[in-house]
Amino acid sequence: MIDLMTGNVAAAKAAMLAGVEVVAAYPITPQTSISEKLAEMVANDEIKAKYIKVESEHSAMAALIGASYMGARTFTATSSQGLALMHEMLFWAAGARRPIVMTVVSRSLGPPWNIWTDHMDVIGERDTGWMQFFCENNQEALDLILLAYKVAEDKEVMLPTMVIEDGFILSHTFEKVDIPAKEEVDFFLPPFNPDVKVNFRKPRRYGSLVMPDWTMEFRYNNYLAMEKAKKKFAEAGSAFSKAFGRDYSSLIESYRCEGAEAVLIITGSAAGTAKVAADRMRERGKKVGVAKMRVFRPFPNEELLKLAENVRTIGVFDRSYTFGYGGAIYSEVRNALFSLAADLKVKGYIGGLGGRDVTETDFEKIFDDLLTLRRSGLASNQVDWVGLKDGSMRW
Amino acid sequence: MSKFTIPKEEYLSKGHSGCAGCGATLLARFCLKALGPKTIINSPACCWSVVQGVWPRAALKVPVVDHAFECTGAVSSGIRAALEIKGIDDVTVVGWAGDGGTADIGLQSLSGAIDRRTDFLYIMYDNEAYMNTGVQTSGCTPLYAWTNTDPGGKKREWRNIGKKRIMDMLIANGIVYGATVSIAYPEDLIAKIKKSRCIKGPKFIHALSPCPPGWKIPTSKSVEVARLATQTGIFPLYEYENGVMTLSKDIKNKPVEEYLMLQGRFRHLTSEMLFEIQKKVDEEYEALKARCQRSG
Numbered sequence: 001m002i003d004l005m006t007g008n009v010a011a012a013k014a015a016m017l018a019g020v021e022v023v024a025a026y027p028i029t030p031q032t033s034i035s036e037k038l039a040e041m042v043a044n045d046e047i048k049a050k051y052i053k054v055e056s057e058h059s060a061m062a063a064l065i066g067a068s069y070m071g072a073r074t075f076t077a078t079s080s081q082g083l084a085l086m087h088e089m090l091f092w093a094a095g096a097r098r099p100i101v102m103t104v105v106s107r108s109l110g111p112p113w114n115i116w117t118d119h120m121d122v123i124g125e126r127d128t129g130w131m132q133f134f135c136e137n138n139q140e141a142l143d144l145i146l147l148a149y150k151v152a153e154d155k156e157v158m159l160p161t162m163v164i165e166d167g168f169i170l171s172h173t174f175e176k177v178d179i180p181a182k183e184e185v186d187f188f189l190p191p192f193n194p195d196v197k198v199n200f201r202k203p204r205r206y207g208s209l210v211m212p213d214w215t216m217e218f219r220y221n222n223y224l225a226m227e228k229a230k231k232k233f234a235e236a237g238s239a240f241s242k243a244f245g246r247d248y249s250s251l252i253e254s255y256r257c258e259g260a261e262a263v264l265i266i267t268g269s270a271a272g273t274a275k276v277a278a279d280r281m282r283e284r285g286k287k288v289g290v291a292k293m294r295v296f297r298p299f300p301n302e303e304l305l306k307l308a309e310n311v312r313t314i315g316v317f318d319r320s321y322t323f324g325y326g327g328a329i330y331s332e333v334r335n336a337l338f339s340l341a342a343d344l345k346v347k348g349y350i351g352g353l354g355g356r357d358v359t360e361t362d363f364e365k366i367f368d369d370l371l372t373l374r375r376s377g378l379a380s381n382q383v384d385w386v387g388l389k390d391g392s393m394r395w
Numbered sequence: 001m002s003k004f005t006i007p008k009e010e011y012l013s014k015g016h017s018g019c020a021g022c023g024a025t026l027l028a029r030f031c032l033k034a035l036g037p038k039t040i041i042n043s044p045a046c047c048w049s050v051v052q053g054v055w056p057r058a059a060l061k062v063p064v065v066d067h068a069f070e071c072t073g074a075v076s077s078g079i080r081a082a083l084e085i086k087g088i089d090d091v092t093v094v095g096w097a098g099d100g101g102t103a104d105i106g107l108q109s110l111s112g113a114i115d116r117r118t119d120f121l122y123i124m125y126d127n128e129a130y131m132n133t134g135v136q137t138s139g140c141t142p143l144y145a146w147t148n149t150d151p152g153g154k155k156r157e158w159r160n161i162g163k164k165r166i167m168d169m170l171i172a173n174g175i176v177y178g179a180t181v182s183i184a185y186p187e188d189l190i191a192k193i194k195k196s197r198c199i200k201g202p203k204f205i206h207a208l209s210p211c212p213p214g215w216k217i218p219t220s221k222s223v224e225v226a227r228l229a230t231q232t233g234i235f236p237l238y239e240y241e242n243g244v245m246t247l248s249k250d251i252k253n254k255p256v257e258e259y260l261m262l263q264g265r266f267r268h269l270t271s272e273m274l275f276e277i278q279k280k281v282d283e284e285y286e287a288l289k290a291r292c293q294r295s296g
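Protein chains in written order, with our numbering: chain A, 1 to 395; chain B, 1 to 296.
What follows is the structure in structure tokens.
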């Protein structure tokens, strides 16, 4: 059924379709309408779940870890400061291998106080052991939650997952969303039945003290799970495509990258704008494409290398800034492609912070900059900030 | 023939890594005898994360979920919600935490769990300082006690305020049942735990838990010190239920000195300090008795 809805309603509907059993959430803009919608669904018996009104995001994640240990499928949503407050428990959820799914409605971190989108909140949590999937539109805000459960709960993965939708641009904007039927989702996503859960007949301790003689092996298992998750995402994405007709079989979606002289790597809602800019450039005979990174954790090294086989000039647009360096995705892409460094050019662009609009014109300028870089081989900067008011900016 | 009043079943295995004379270990042993096998314990960073032993061994014969320091209340709510949605109603959810994890860093999530009317039993084993990290002052450290963060020093300044009145705070917050228990009175302890198990809603047990290395007492003196805490009126045993306070044992008949001077952490007390503590204990005990008579 196709309906008009905000990204937040799409996320709540996805949680309902996934049959979540325990929701624990704390209000924060621009996430709040997800938890309100879920509370309403629980109150109206539209969903057989428990809604825990926690007193903080830290407790939201703690409560879900407890619930997940009992074998319940769990969901929460947060943003910005709330995600930062959860930080400690994010490590705990990943270390405990609880496949919790959480929508993060991305939002800037204060100060300055700002409720609008950028990815500094989620990039700040990239090292917590969570998978991180970015949404371009409201359809993906729904689809990627279903996919997240499928991958996260895979017995060889068992890792928590963040599904990231951009604050206001997706969370509060109406778009057409195709809502799958519950029976189809049930077929795609069977009930949660983890091997590791509390069993009163076989009492165990979960989250024990482990000495240096074994801790590395626990970490190594997390590493293996992340590596396996790449294949599992692609497999689940193909199964999703068969079930629902929308293709998620790759971690990076290539748009007009065939024969491209320059490609821009990007995450989130700005990818849609970048695609429109690429169309315009192509109309003008400029060969550019967009590579939308859906999955940032696990990092899609293999797909990146494949992309770089055919394109030797690559830009990376980060909607975040790693203090004292540049863009996190930029530095990771550059690192992944280092073996091809000889004739490869990689440049970073930072923009869209704190909800600053990133326009088609911005992207056209980025593409032109990349094409110039390709010809001249010289970049004046490795990283440029895009869309600043100040006259000192490059454009 | 003597009749056993304490259940014989053991849920704490031999070979745990608690210190000799650890009050919390004895407390857990008694509590679990009262709780039985349909119990799930969740526990934050505290002595207990060490006492239970190192992976892959585990000393308790009931399931245990370990978690971060400040979230015992929240994890308890999560476990209970999952049990409810799964239709399991014969399990006691127990939050098991030290005084720091309860009255300091974990107070928010405990208060949240009470607000949420979570059906669980919170047991605070109160060893009156951060003992797992090596004796630092907590909100439950008593007046004039020595700890490594209230070391006295040249200034001769020790803990400068009495214990946080955690039970009063939680009663005000809305617990349905509260009780103080002591390892020196195991029958009273077991009766209270058994009773609390049958009451729905948030329940709180405050257990005094002597710590030989932290209190600087011989390992053989834990039970004796716990008994003196009650006999001096420093740790009276009482119960709170449905707005009614009841004194479990009205046996205050010894001066505080007998309790305090057994412990190295109070060895520096002057007669003025002892006098002040005695005065406060007398006042608080009388206030408690009055409260019990009023509501009882």
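Glycine residues also receive a C-beta, built at the ideal position from the N, C-alpha and C atoms.
Item	Value
Compare the C-beta of residue 102 of chain A against all C-beta atoms of chain B and say whether one is closer than 9 Å.	no
Could you tell me whether the stretch 59-76 of chain B touches the stretch 86-104 of chain B, using the rule of 3 or more Cβ pairs below 8 Å?	yes
Name the chain B residues whose beta carbon is nearer than 7 Å to that of residue 25 of chain A?	The premise fails here: residue 25 of chain A is roughly 12 Å from chain B at the closest Cβ pair, so nothing lies under 7 Å.
State the beta-bridge partners of residue 106 of chain A as determined by DSSP.	A/166
Could you check the C-alpha separation between residue 384 of chain A and residue 173 of chain B for me, to the nearest Å?	54 Å
What residues in its chain sit with their C-beta under 8 Å from that of residue 293 of chain A, if we drop five residues either side in the sequence?	134, 251, 252, 265, 266, 267, 300 and 329
Is it buried or exposed, residue 392 of chain A, if we count other Cβ atoms within 10 angstroms and call 16 or more buried?	Here residue 392 of chain A scores only 47 on pLDDT, less than 50, and its place in the model is too uncertain to base an answer on.
CA-CA distance, residue 468 of chain A and residue 223 of chain A?	The displayed coordinates of chain A run from 1 to 395. Any statement about residue 468 of chain A would go beyond what the structure contains.
List the residues of chain A whose Cβ lies closer than 8 Å to the Cβ of residue 50 of chain B, in chain order.	209
Considering only their Cβ atoms, is the gap separating residue 22 of chain A from residue 73 of chain A smaller than 9 Å?	yes
What is the C-beta distance between residue 14 of chain A and residue 170 of chain A, in whole angstroms, given that I count them as a contact (C-beta under 8 Å)?	At roughly 13 Å, the Cβ-Cβ gap does not stay under 8 Å, so residue 14 of chain A and residue 170 of chain A are not in contact.
Any chance the CB of residue 246 of chain B is under 8 Å from a heavy atom of the ligand ZN?	Looking at this structure, you won't find the ligand ZN or any other ligand, since it has none at all.
Between the alpha carbons of residue 106 of chain B and residue 73 of chain B, how many angstroms are there, rounded?	8 Å
In chain A, which residues lie less than 9 Å from residue 96 of chain B when you measure between Cβ atoms?	Per Cβ cutoff of 9 Å: no residues; residue 96 of chain B is ~12 Å from chain A at best.
What would DSSP say about residue 60 of chain B, mapped onto helix, strand or coil?	strand
Just to confirm, are residue 38 of chain A and residue 51 of chain A a CB contact at a threshold of 9 Å?	yes
Taking residue 6 of chain A as the reference, which of A/183, A/185, A/216 and A/175 has the closest Cα?	A/175
Please say whether residue 27 of chain B and residue 181 of chain B have beta carbons closer to each other than 9 Å?	yes
Give the interface partners of residue 64 of chain A over in chain B, defined as CB-CB distance under 7 Å, in chain order.	78
Residue 175 of chain A lies in the beta strand (DSSP E); which residues open and close that run?	175-178
Are the C-beta atoms of residue 18 of chain A and some chain B residue less than 9 Å apart?	no
Please return the same chain residues whose Cβ sits closer than 6 Å to the Cβ of residue 283 of chain A, not counting the five positions on each side in sequence.	none
Can you list, in chain order, the residues of its chain whose CB lies under 6 Å from that of residue 386 of chain A, leaving out five sequence neighbours each side?	349, 351 and 362
For the 8 Å Cβ check, are there 3 or more pairs between the stretch 77-89 of chain B and the stretch 130-141 of chain B?	no
Could you work out which residues of chain B lie near residue 42 of chain A, taking near to mean beta carbons separated by less than 7 Å?	Within chain B, no residue comes near residue 42 of chain A; the closest Cβ sits about 11 Å away, beyond 7 Å.
Could you tell me the distance, in whole angstroms, from the CA atom of residue 395 of chain A to the CA atom of residue 45 of chain B?	Here the model assigns residue 395 of chain A a pLDDT of 49, short of 50, so the residue's position is not dependable, and the following value carries that caveat. Roughly 53 Å between the two C-alpha positions.
Helix, strand or coil: how does DSSP classify residue 124 of chain B here?	strand
Exposed or buried, what is residue 198 of chain B when buried is set at 16 or more other beta-carbons lying within 10 Å of its beta-carbon?	exposed
I'd like to know if residue 68 of chain A contacts chain B, where contact means its C-beta is closer than 9 Å to some C-beta of that chain.	yes
Can you tell me where the alpha helix (DSSP H) holding residue 375 of chain A begins and where it ends?	360-376
By alpha-carbon positions, which one of B/201, B/170 and B/243 ends up nearest to residue 116 of chain B?	B/201
In whole angstroms, what separates the C-alpha of residue 95 of chain A from that of residue 129 of chain A?	7 Å
Using the beta-carbon count (16 or more within 10 Å), is residue 13 of chain B buried or exposed?	exposed
If we count Cβ pairs, one from each stretch, closer than 8 Å, do we get three or more for the stretch 270-277 of chain B versus the stretch 249-260 of chain B?	yes
From this set, A/53, A/106, A/66 and A/100, which residue's C-alpha is nearest residue 79 of chain A's C-alpha?	A/106
Output needed for residue 259 of chain A: all residues of its chain with C-beta closer than 7 Å, excluding positions within five of it in sequence on either side, in chain order.	287
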